[in-house]
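Read top to bottom, the protein sequences are chains A and B.
Whatever position you read off the first sequence (first residue = 1), add 3 for the working numbering.
Whatever position you read off the second sequence (first residue = 1), add 3 for the working numbering.
For glycine and all other residues, C-beta sits at the position ideal for the given N, C-alpha and C.
2 protein chains.
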Amino acid sequence: MFGALRAWQTEPMSAIRGARERARIEVTAAIKDEARKQLAAEGAAKLSLRAVARELGMVSSALYRYFPSRDDLLTALIVDAYDAVGEAAERSHRAATGAAGAPGTGLARWVAVACAVRDWALAHPHEYALIYGSPVPGYTAPQDTVGPAARVGMVLIAIVEDAHRDEGLALPPLPDELRPEAERLAADIAPGLAPAVAAPLVAAWAQLFGLVSFEVFGQFNRVVEAREVFFRQAVTELARTVGLLGRRG
Amino acid sequence: MFGALRAWQTEPMSAIRGARERARIEVTAAIKDEARKQLAAEGAAKLSLRAVARELGMVSSALYRYFPSRDDLLTALIVDAYDAVGEAAERSHRAATGAAGAPGTGLARWVAVACAVRDWALAHPHEYALIYGSPVPGYTAPQDTVGPAARVGMVLIAIVEDAHRDEGLALPPLPDELRPEAERLAADIAPGLAPAVAAPLVAAWAQLFGLVSFEVFGQFNRVVEAREVFFRQAVTELARTVGLLGRRG
DNA sequence: TCAAAAGCAAGAGCGGTGCTCTCGTTTTTG
DNA sequence: CAAAAACGAGAGCACCGCTCTTGCTTTTGA
């Protein structure tokens with residue numbers, strides 16, 4: 004018995020130290036799971052700490068041991084949502100990067116990642132709204148969210164960088180007014196990228212989510228019917244604006 | 004006295020019939036004004052019926068004589084917001100349509116309207132979030148909102164239609180997969196428009212708001228710095244996708 | 001080894017919310 | 001002029017986020 008105790012204490016730091024810490028991790032995960040369930044069911048506005056606690060069989064005040072406020076719980080869900088959509092994008096990117104270097108695959112990867120983002124958004128509309136709709140907690144995003152929030156953008160950058168190296172880009176001319184900003188952007192987000200493509204890339208990033216948001220938020224209701232083919236065509240055209248070569252290129 | 008009463012009763016239907024009706028209109032407007040003030044200050048999530056009533060010196064239950072629920076108040080604000088941004092777009096369209104028929108004005112009008120939408124959004128971020136962020140009341144937009152919600156899109160359609168008539172469009176080829184949807188779209192939203200431009204136009208509509216949303220919602224923080232010139236360049240490129248001819252065209 | 005410290009669940013409670021109902025009062029209507 | 005409708009005020013219900021206090025358990029450190 005004492006031997007077992009000693010064995011626990013000599014476990015590496017990375018492992019869970021005691022029963023308390025283990026329980027804390029499990030309870031924290033259970034809270035987030037239940038909160039995510041309520042978020043998916045009713046939306047962020049209806050998410051209630053008391054309801055989460057009730058469903059977990061604990062008292063509402065106990066929940067504040069794990070999240071100092073409702074906004075902190077929402078922030079945790081925001082980070083998870085960014086990670087989820089980011090991972091969906093990265094997975095589809097890996098899947099579309101089977102054969103590297105083949106001409107035209109840049110466009111295929113771009114469309115694949117865009118469709119992955121759209122699919123995730125349609126499957127998790129409330130979580131999507133949490134991160135790409137109105138920012139509900141506070142006015143500015145907490146620092147914890149900036150890393151996960153960049154993952155989709157990183158994938159898009161990687162696609163364009165790879166295509167630039169492997170197939171070349173059909174670069175649009177860079178207007179003089181935009182040159183300083185484009186150079187700053189390129190140096191900031193992708194040091195190896197040509198300034199002429201950095202600005203269109205950021206714009207395409209925003210426009211991609213414009214297409215997704217309009218569909219998820221119902222702006223396309225009674226307007227666009229064949230949404231899959233409509234979306235694919237739109238993001239294909241978007242790929243052209245960042246220099247990815249299509250069939251017509 | 005009775006004469007005055009009779010005179011009131013013989014007034015035309017369009018006028019206000021009595022003191023009660025007049026008061027109702029005024030109180031309704033006061034409620035909406037105060038609600039809009041709180042919306043602009045704190046956002047839709049913090050809008051409280053009780054606070055509105057308190058500020059207006061009435062009891063919260065009295066407010067329910069004018070709006071049956073909080074969501075109905077929000078819906079009224081949504082309609083007003085759609086009308087406001089729609090009117091901003093229409094006004095800038097009229098201003099940019101001084102000299103009609105001159106070559107290249109289609110592009111100028113497009114950029115002017117896009118900038119007007121962006122300016123309004125940056126000036127009224129919470130109202131913008133109410134209509135182009137997560138749909139907060141219910142899941143589907145009430146029927147009252149569809150008309151006002153279409154105003155900006157109508158302006159964009161008008162610009163392209165006028166340019167099509169006056170200057171011609173540089174139409175991109177229409178892929179076969181998109182043809183049925185494009186024809187349905189064209190017949191639905193703008194009977195005089197070529198199918199090849201209908202789909203890109205709807206996509207550009209969504210992408211325009213993607214650019215605005217990313218800026219308003221803070222997604223461009225620490226990414227895009229020179230936002231005005233960045234936006235103008237992006238919507239100029241967007242104009243090209245709907246066939247409006249630029250200098251390079 | 002054992003007492004101090006820290007973490008934890010539970011409960012009561014505060015001020016706030018949306019919303020309903022009732023009750024006089026006032027205005028409109030027939 | 002009486003019936004009907006609209007209205008403001010108030011009390012009250014259930015819920016919310018959040019705080020504070022009270023005991024209990026685990027962890028810690030001398």
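- Along the length of the stretch 160-228 of chain A, whole alpha helix (DSSP H) runs at least 4 residues long occupy 182-192, 198-219, reported in chain order.
- At a cut-off of 8 angstroms between C-beta atoms, Ala242 (chain B) does not count as an interface residue with respect to chain A.
- Burial is judged here by how many other beta carbons sit within 10 angstroms of a residue's own beta carbon; Lys35 (chain B) has at least 16 and is buried.
- By the Cβ rule, the stretch 192-208 of chain B counts as touching the stretch 234-244 of chain A, because three or more pairs are nearer than 8 angstroms.
- For the pair Ser216 (chain B) and Ala26 (chain A), the Cα-to-Cα distance works out to about 41 angstroms.
- Gln236 (chain A): member of the alpha helix (DSSP H) spanning 230-244, first to last residue.
- Among the residues facing chain A, Glu164 (chain B) is not included, as its CB has no counterpart in that chain under 8 angstroms away.
- In the three-state reduction of the DSSP assignment, Met61 (chain B) falls in the coil class.
- Between Ala197 (chain B) and Ala190 (chain B), the beta carbon gap of about 11 angstroms keeps them out of contact (Cβ cut-off 8 angstroms).
- Bounds of the alpha helix (DSSP H) holding Pro151 (chain A) are 149-152.
- By the 16-neighbour rule on beta-carbons within 10 angstroms, Tyr135 (chain B) is buried.
- Residue contact with chain A for Val55 (chain B): absent (no Cβ-Cβ distance below 8 angstroms to any residue of chain A).
- In the three-state reduction of the DSSP assignment, Tyr135 (chain A) falls in the helix class, which pools H, G and I.
- Taking a contact to require three or more Cβ pairs closer than 8 angstroms, the stretch 126-135 of chain B and the stretch 80-96 of chain B qualify as touching.
- A Cβ of chain A is located within less than 8 angstroms of the beta carbon of Val226 (chain B).
- Assigned with DSSP and collapsed to three states, His127 (chain A) falls in coil, not helix or strand.
- Listed along the chain, the chain A residues whose CB falls inside 8 angstroms of the CB of Phe70 (chain B) amount to none; the nearest CB is some 18 angstroms away.
- Contact between the stretch 108-126 of chain A and the stretch 161-176 of chain A is present: three or more C-beta pairs spanning the two stretches fall below 8 angstroms.
- Interface residue (Cβ-Cβ distance to chain B less than 8 angstroms): Glu180 (chain A) is classified as such.
- Interface annotation, Leu196 (chain B): not in contact with chain A, CB-CB separation never under 8 angstroms.
- When DSSP states are grouped into helix, strand and coil, Arg68 (chain A) belongs to the coil group.
- At a cut-off of 8 angstroms between beta-carbon atoms, Ala209 (chain B) makes contact with chain A.
- Not a single CB atom of chain B sits nearer than 8 angstroms to the CB of Glu130 (chain A).
- Excluding five sequence positions before and after Ala84 (chain A), the CB atoms of its chain that fall closer than 8 angstroms to its own CB belong to His127, Glu130, Tyr131, Leu133, Ile134, given in chain order.
- In this structure, Leu214 (chain A) lies away from Ala199 (chain A), with their beta-carbon atoms at least 8 angstroms apart.
- In the three-state reduction of the DSSP assignment, Ala99 (chain B) falls in the coil class, being assigned neither a helical nor a strand state.
- Distances from the alpha-carbon of Arg225 (chain B) to those of A:Ala33, A:Gln146, A:Gly221, A:Thr108 put A:Gln146 closest.
- Ranking B:Pro175, B:Glu184, B:Glu231, B:Arg53 by CA distance to the CA of Arg230 (chain A) puts B:Glu184 first.
- With contacts defined as CB atoms closer than 8 angstroms, Ala47 (chain B) and Ala56 (chain B) fail to qualify as a contacting pair.
- Apart from sequence neighbours up to five positions away, the residues of its chain that approach Leu42 (chain B) with a beta-carbon distance below 8 angstroms are Leu50, Leu80, His129, Glu130, Leu133, ordered along the chain.
- The beta carbon of Ala206 (chain A) falls within 8 angstroms of a beta carbon belonging to chain B, placing the residue at that interface.
- Residues of chain A with a Cβ closer than 7 angstroms to the Cβ of Leu172 (chain B) do not exist; the shortest Cβ-Cβ separation is about 15 angstroms.
- Taking 8 angstroms as the threshold, the shortest C-beta distance from Ser216 (chain B) to chain A falls below it.
- When the five nearest sequence neighbours on each side are left out, the beta carbons in the same chain lying within less than 7 angstroms of the beta carbon of Val155 (chain A) are those of Val88, Gly89, Ala92, Val120, in order along the chain.
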